[in-house]
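Student: Quick note on full-length UniProt numbering: the sequence shown kicks off at 1 and runs consecutively.
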Amino acid sequence: MFSRRHSSSGSEIHVNPHRSKTPLNSPLSPATNAFFDTSFSTSQNEASVGAASKTIVSSAVPRTPTPGRLTPSIGKNQQRETDESTPLLADRRDSMVDCSEEDETELKRSLSSSIRSLKFKSRKEIFHIGKVIVLTILFLVCGLYIMLNPDVNTDHYNIALNKSYKINSNDHSYPMVAVKLYGPLLERKSENTTVKDKITVRLIDSTKIQNWTVPVDAELLTQNKGLEKEFYFDQPVSEGNVSLELWTNESSIIPLQLRIEFLSKELDHEVIYAAIVLLIVYILIIFEIVHRTLAAILGSLGALAILAALNKKPSLEMIVSWLDIETLSLLFGMMIIVAILSETGFFDFCALQAYKLAKGKVWPLITLLCAFSCFVSAFLDNVTTILLLTPVTIRLCEVLNLDPKKILIAEVLFSNIGGTATAIGDPPNVIIVSDRILKSKGLDFSNFTLHLIPGILLVSLVGYGLLRFIYRKMESIENKDPPEIRELKKEIQSWDRAAHRITVVTREESLMKALFLQRKVILENKLTRKIYQLKKSEKKDFHQSLKELEIQYKITDRVLLIKCGVVLVAVILVFFLHSFIPAMHVGLGWIAILGAVWLLVLADLNELENILHQVEWATLIFFAALFTLMEALNELGLIEWIGEQMAEMIRAVDEKHRLGVAIVLILWISAIASSFIDNIPFTTAMVPVLIHLSNDQTLNLSLLPLIMALAFGACLGGNGTLIGASANVVCAGIAEQHGYGFTFMEFFKIGFPMMIITNLAATVYLIICHVGFTWHSF
1 MFSRRHSSSG
11 SEIHVNPHRS
21 KTPLNSPLSP
31 ATNAFFDTSF
41 STSQNEASVG
51 AASKTIVSSA
61 VPRTPTPGRL
71 TPSIGKNQQR
81 ETDESTPLLA
91 DRRDSMVDCS
101 EEDETELKRS
111 LSSSIRSLKF
121 KSRKEIFHIG
131 KVIVLTILFL
141 VCGLYIMLNP
151 DVNTDHYNIA
161 LNKSYKINSN
171 DHSYPMVAVK
181 LYGPLLERKS
191 ENTTVKDKIT
201 VRLIDSTKIQ
211 NWTVPVDAEL
221 LTQNKGLEKE
231 FYFDQPVSEG
241 NVSLELWTNE
251 SSIIPLQLRI
261 EFLSKELDHE
271 VIYAAIVLLI
281 VYILIIFEIV
291 HRTLAAILGS
301 LGALAILAAL
311 NKKPSLEMIV
321 SWLDIETLSL
331 LFGMMIIVAI
341 LSETGFFDFC
351 ALQAYKLAKG
361 KVWPLITLLC
371 AFSCFVSAFL
381 DNVTTILLLT
391 PVTIRLCEVL
401 NLDPKKILIA
411 EVLFSNIGGT
421 ATAIGDPPNV
431 IIVSDRILKS
441 KGLDFSNFTL
451 HLIPGILLVS
461 LVGYGLLRFI
471 YRKMESIENK
481 DPPEIRELKK
491 EIQSWDRAAH
501 RITVVTREES
511 LMKALFLQRK
521 VILENKLTRK
531 IYQLKKSEKK
541 DFHQSLKELE
551 IQYKITDRVL
561 LIKCGVVLVA
571 VILVFFLHSF
581 IPAMHVGLGW
591 IAILGAVWLL
601 VLADLNELEN
611 ILHQVEWATL
621 IFFAALFTLM
631 EALNELGLIE
641 WIGEQMAEMI
651 RAVDEKHRLG
661 VAIVLILWIS
671 AIASSFIDNI
681 PFTTAMVPVL
691 IHLSNDQTLN
701 LSLLPLIMAL
711 AFGACLGGNG
721 TLIGASANVV
731 CAGIAEQHGY
741 GFTFMEFFKI
751 GFPMMIITNL
761 AATVYLIICH
771 VGFTWHSF
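#1: Measure the C-alpha to C-alpha separation of N401 and R497 and round it to an integer number of angstroms.
#2: State the start and end residues of the unbroken beta strand (DSSP E) segment that holds M646.
#3: Which residue's Cα is closest to the Cα of N728: L701, E550, I407 and A711?
#4: What is the residue span of the alpha helix (DSSP H) that R468 lies within?
#5: Measuring only the C-alpha atoms, how far is I767 from P454?
#6: So, helix, strand or coil for G724, using DSSP?
#7: At a Cβ threshold of 9 Å, is G637 touching chain D?
#8: Under three-state DSSP, which class holds S440?
#9: Take the Cβ of F347 as the centre, count every other Cβ of all protein chains shown within 10 Å, and call the residue buried at 16 or more, exposed below.
#10: Count the other C-beta atoms from every protein chain shown that fall within 10 angstroms of the C-beta of L140, then say buried if there are 16 or more, exposed otherwise.
#11: By a C-beta neighbour count over all protein chains shown, 10 Å radius and 16 as the cutoff for buried, is H770 buried or exposed?
#12: So what does G183 bridge to, in DSSP terms?
#13: Return the CA-CA distance between residue 779 and T628, expressed in angstroms with no decimal places.
#14: Give the range of the alpha helix (DSSP H) segment to which F622 is assigned.
#15: Which residues in the same chain have their Cβ closer than 6 Å to the Cβ of Y182, if we skip the five residues on either side of it in sequence?
#16: In whole angstroms, what separates the C-alpha of M606 from that of I272?
#17: What do you get for T774, buried or exposed, if any count of 16 or more other CB atoms within 10 angstroms of its CB means buried?
#18: Under a Cβ-count criterion, where at least 16 other Cβ atoms within 10 Å of its own Cβ denotes burial, should M649 be classed as buried or exposed?
#19: Tell me which residues share the same chain as I492 and place their Cβ nearer than 8 Å to its Cβ, disregarding the 5 neighbours each side in the sequence.
#20: Under three-state DSSP, which class holds P175?
#21: So, do the region 312 to 321 and the region 596 to 612 have three or more beta carbon pairs nearer to each other than 8 Å?
#22: Quick one: residues in its chain with C-beta nearer than 6 Å to the C-beta of I285, no 5 flanking neighbours on either side, listed in chain order?
#23: To the nearest angstrom, how far is it from the Cα of L546 to the Cα of V412?
#24: On the criterion of 16 or more Cβ atoms from any shown chain inside 10 Å, does T390 qualify as buried, or is it exposed?
#25: Using DSSP with H/G/I as helix, E/B as strand and the rest coil, what is V764?
#26: How long is the line joining the alpha carbons of T619 and I485, rounded to whole angstroms?
#27: Here's the rule: buried if 16 or more other CB atoms are within 10 angstroms of the residue's CB, otherwise exposed. What is W363?
#28: Let me check one thing: in DSSP terms, what residues is L161 bridge-paired to?
#29: I need the boundaries of the beta strand (DSSP E) containing V245, first residue and last residue.
#30: Output needed for V290: all residues of its chain with C-beta closer than 6 Å, excluding positions within five of it in sequence on either side, in chain order.
#31: If we ignore side chains and look at the alpha-carbon of each, how far apart do D403 and I129 end up?
#32: How about V615 and I336: are their beta carbons less than 9 Å apart?
#33: DSSP state of E191, grouped into three classes?
#34: Is it a yes or a no for the region 563 to 583 touching the region 363 to 372, going by three-plus beta-carbon pairs under 8 Å?
#35: If E343 sits next to D557, beta carbons under 8 Å apart, how far is it from one beta carbon to the other, in whole angstroms?
#36: Could you please give the first and the last residue of the uninterrupted beta strand (DSSP E) stretch that includes T200?
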């Protein structure tokens with residue numbers, strides 16, 4: 001039972017203003033310099049916390065000491081009991097009794113420390129208030145633009161063009177005109193070639209005439225296939241009637257779909273606006289001003305507001321279509337499977353087996369994990385690989401007393417490297433090998449993978465050497481505290497977070513917060529005793545630790561493990577086979593969802609909420625917001641502008657060195673861009689640019705070296721930042737759920753040098769193969 005300050009038995013919690021430190025040497029309330037202190041009787045254990053929930057009201061609330069007044073803390077009997085249970089406190093209390101002058105000095109020092117803490121806290125509160133005000137203003141501005149501007153005003157026409165066709169429009173409030181045309185159109189034509197069949201689009205207003213000429217692809221015309229092209233007329237149109245005329249010299253009828261959009265004059269600055277939005281998002285993430293999920297949401301909201309201001313506001317249905325449902329479904333399904341699998345004790349068992357294999361040695365284990373993630377990611381998408389490996393790695397690091405952050409970052413970096421090795425390992429490679437024009441030129445899974453694998457072997461060796469250099473000091477990998485101390489500190493932090501999340505409104509909430517804080521203090525004293533005991537104990541050898549771990553870590557539900565194993569093997573097998581079986585009309589998302597539903601049926605769990613709580617909802621929302629942000633930036637022309645600038649730089653180079661310079665430019669621009677923007681829309685936009693460069697006979701560039709440079713740059717560039725690749729974000733989310741989350745800068749310090757070095761190795765490989773030996777054949 002809990003009692004007030006002078007009770008002779010039971011647990012009591014109070015404030016001792018004489019003491020400047022708790023057993024953890026850290027104040028619980030810096031602003032008041034108040035500290036919790038707990039004494040125990042020999043007849044009562046920690047279970048009394050629950051029994052006393054009805055009597056504790058204010059004893060767990062710290063009190064502020066009055067300067068110049070010393071309040072007695074406990075009686076002699078209670079002091080003796082505390083001294084026996086916490087020897088470190090007994091030594092400290094004896095020294096305080098002997099020196100009253102030291103007490104006064106210590107009190108003054110603690111008061112000055114409290115004043116400094118108050119100043120720091122006030123600065124922190126000012127920053128917090130300022131942040132909320134600024135973000136609120138930005139939110140209101142964006143919200144107003146989105147609410148006050150209608151969806152994009154687009155006129156749709158289905159046309160069977162026979163020589164000519166005319167459209168009149170007098171209902172427009174914006175001066176700039178954009179035309180989107182879908183039909184049998186030629187992708188691009190070389191500058192020194194002429195095309196016989198073409199379509200001319202003529203924009204006529206009261207003062208001027210503007211023309212746009214589009215070549216016709218006769219092959220697509222016979223195959224009833226089409227291609228969409230977009231054109232922005234440079235000159236604004238005047239108010240009043242505007243007409244659009246289409247004319248062709250093709251003798252046969254051409255089926256077309258036409259869309260006309262009237263846009264704002266500010267269209268010329270849309271790339272600048274897109275860059276500003278991207279910069280703001282990265283500032284929010286890098287400096288951890290807000291959580292990365294909220295940063296992505298605010299960034300997508302800002303990009304949509306800019307589109308609304310330019311009269312390009314997409315409808316809600318279009319925004320939903322921007323979401324990569326395949327990736328979101330894959331993540332959700334695999335998170336469900338992993339959550340159920342974790343209930344069997346499988347990850348603990350795997351960690352124990354790896355501990356046996358490594359025999360307590362760190363580097364063999366790190367090498368094994370990196371090599372395994374690299375190899376598996378070559379044949380299985382790296383997001384699934386990281387979802388399965390991260391829980392095992394965390395438990396393994398806890399067993400070996402290693403810092404999970406460093407090992408997880410190394411693991412995800414090599415997962416991205418391994419995913420570059422094949423055509424199905426990473427999304428950019430899937431986009432490249434699936435392109436219709438590249439397929440027609442002879443690019444397929446086998447020859448694409450054949451060109452990638454030798455380069456990835458070189459990149460992996462160079463990357464591993466850099467990893468050994470970065471982690472050359474073992475103390476940067478190993479935890480300074482023993483496992484028992486680390487677990488206690490982690491539990492103390494959990495109780496502290498739980499207490500601070502409670503908003504005290506009712507008496508029951510006040511009781512709950514006091515109980516959480518009481519539990520924290522109990523653990524703090526337990527931690528002190530554990531530290532004292534470990535100082536006296538000798539270090540355990542490998543075999544002794546192994547015996548203890550074998551008792552602690554074992555399979556808890558073998559039947560459920562068998563069910564999970566059957567489903568997981570089936571899902572992974574279908575993942576691998578679906579790319580080679582044309583009759584299988586499902587993607588990775590469908591496969592993961594079906595596997596999750598099947599496992600839920602087999603597991604027959606009564607408490608489904610526990611499984612759903614383990615789903616990384618913040619990660620899923622982050623990806624949804626990121627997809628929206630990147631598509632909005634693409635609508636603003638940022639990605640297309642990057643491709644155009646790269647093409648202009650390649651054209652400006654002398655023909656003798658053009659291929660080498662083109663390889664270097666494409667690889668490094670792709671790598672840098674993929675570090676800061678999603679590589680999926682970037683790769684999609686870059687493939688037509690590279691095809692156009694290879695078709696331009698004046699440049700004399702082979703297509704294969706350009707495509708290989710894009711593949712290496714887009715995939716390896718994802719290692720540059722935390723949000724550069726999907727696997728990075730997934731790994732960070734799972735680690736955060738287990739209490740080992742790493743920040744943007746923690747990832748950047750390791751990932752960005754790895755991105756630089758691995759792309760240097762890829763550059764050397766491509767230069768040797770395609771400039772030195774001209775290995776251009778598919």
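Every residue, glycine too, gets a C-beta built ideally from N, C-alpha and C.
Tutor: By the coordinates alone:
#1: By 1-based counting over the sequence shown, the position of residue 401 is 401. By 1-based counting over the sequence shown, the position of residue 497 is 497. N401 and R497: Cα-Cα distance of roughly 23 Å.
#2: Mapped onto the sequence shown, residue 646 falls at position 646. Where M646 is concerned, there is no enclosing beta strand (DSSP E), although the alpha helix (DSSP H) it sits in stretches over L638 to R651.
#3: Working through the sequence shown from its first residue, we reach residue 728 at position 728. It is I407 whose Cα lies nearest to the Cα of N728.
#4: What you label residue 468 is simply residue 468 of the sequence shown in a count that begins at 1. Note, R468: alpha helix (DSSP H), F445 to I470.
#5: Position 767 of the sequence shown, counting from 1, holds the residue named residue 767. Position 454 of the sequence shown, counting from 1, holds the residue named residue 454. Each residue's Cα considered, the two are about 13 Å apart.
#6: As a first step, residue 724 must be located in the sequence shown, where it is residue number 724. DSSP places G724 in coil when its eight states are reduced to three.
#7: Checking the listed chains, one finds no chain D in this structure; it contains a single protein chain.
#8: Along the sequence shown, one-based indexing puts residue 440 at 440. S440 falls in the helix class under three-state DSSP.
#9: Here the question's residue 347 lines up with position 347 in the sequence shown. Buried, by the Cβ-count rule.
#10: Counting from 1 along the sequence shown, the entry for residue 140 is found at position 140. Answer is exposed; the Cβ neighbour count stays below 16.
#11: Looking up residue 770 in the sequence shown gives position 770. The residue is buried, with at least 16 neighbouring Cβ atoms inside 10 Å.
#12: Your numbering for residue 183 matches position 183 in the sequence shown. G183 pairs with L227.
#13: One cannot answer for residue 779 here, as it falls past the ends of the chain, which runs 1 to 778.
#14: Within the sequence shown, the letter at position 622 stands for residue 622. W617 to E635 is the extent of the alpha helix (DSSP H) around F622.
#15: Walking along the sequence shown from the start, residue 182 turns up at place 182. So the list reads G226, E228 and Q257, once near-sequence residues are dropped.
#16: Along the sequence shown, one-based indexing puts residue 606 at 606. Along the sequence shown, one-based indexing puts residue 272 at 272. Here residue 606 turns out to be Asn, not Met, going by the sequence shown. The alpha-carbon atoms of N606 and I272 are separated by roughly 53 Å.
#17: Mapped onto the sequence shown, residue 774 falls at position 774. Looking at its Cβ environment, which holds fewer than 16 other Cβ atoms inside 10 Å, T774 is exposed.
#18: In the sequence shown, counting from the first residue as 1, residue 649 sits at position 649. Flag for M649 reads exposed.
#19: What you label residue 492 is simply residue 492 of the sequence shown in a count that begins at 1. Closer than 8 Å at Cβ, skipping near neighbours: L24, K520, L523, E524 and L527.
#20: Looking up residue 175 in the sequence shown gives position 175. P175 sits in coil when the DSSP states are folded into three classes, being neither helix nor strand.
#21: no
#22: Along the sequence shown, read from residue 1 onward, the residue named residue 285 stands at position 285. Same-chain partners within the cutoff: R292, A295 and F744.
#23: By 1-based counting over the sequence shown, the position of residue 546 is 546. By 1-based counting over the sequence shown, the position of residue 412 is 412. The straight-line gap from Cα to Cα measures roughly 28 Å.
#24: Locating residue 390 in the sequence shown gives position 390, counting from the first residue. T390 comes out buried.
#25: Sequence index remark: in the sequence shown, residue 764 carries index 764 (1-based). Note: V764 maps to helix in three-state DSSP.
#26: Locating residue 619 in the sequence shown gives position 619, counting from the first residue. Locating residue 485 in the sequence shown gives position 485, counting from the first residue. Roughly 30 Å separates the two Cα atoms.
#27: Locating residue 363 in the sequence shown gives position 363, counting from the first residue. So W363 ends up on the exposed side.
#28: Sequence index remark: in the sequence shown, residue 161 carries index 161 (1-based). In DSSP, L161 forms a bridge with I254.
#29: Translated into positions along the sequence shown, residue 245 becomes position 245. The question names Val, yet the displayed sequence has Glu at residue 245. Counting along the chain, the unbroken beta strand (DSSP E) around E245 starts and ends at V242 to T248.
#30: As a position in the sequence shown, residue 290 is number 290, starting the count at 1. Cβ neighbours of V290 beyond the five flanking positions: L284.
#31: Translated into the one-based positions of the sequence shown, residue 403 becomes position 403. Translated into the one-based positions of the sequence shown, residue 129 becomes position 129. Computed Cα separation, rounded: 34 Å.
#32: For the purposes of this step, residue 615 is identified with residue 615 of the sequence shown, where counting begins at 1. For the purposes of this step, residue 336 is identified with residue 336 of the sequence shown, where counting begins at 1. In this structure, I336 lies closer than 9 Å to V615 by Cβ.
#33: The sequence position of residue 191 within the sequence shown is 191, counting from 1. Residue placement at E191 is poorly supported in this model, since its pLDDT is 46, which falls under 50; the coordinates are not used for a value here.
#34: no
#35: Taking the sequence shown and counting its residues from 1, one reaches residue 343 at position 343. Taking the sequence shown and counting its residues from 1, one reaches residue 557 at position 557. Right, the Cβ-Cβ distance comes to about 7 Å (below 8 Å), so this counts as a contact.
#36: Position 200 of the sequence shown, counted from the first residue, corresponds to residue 200. T200: member of the beta strand (DSSP E) spanning K198 to I204, first to last residue.
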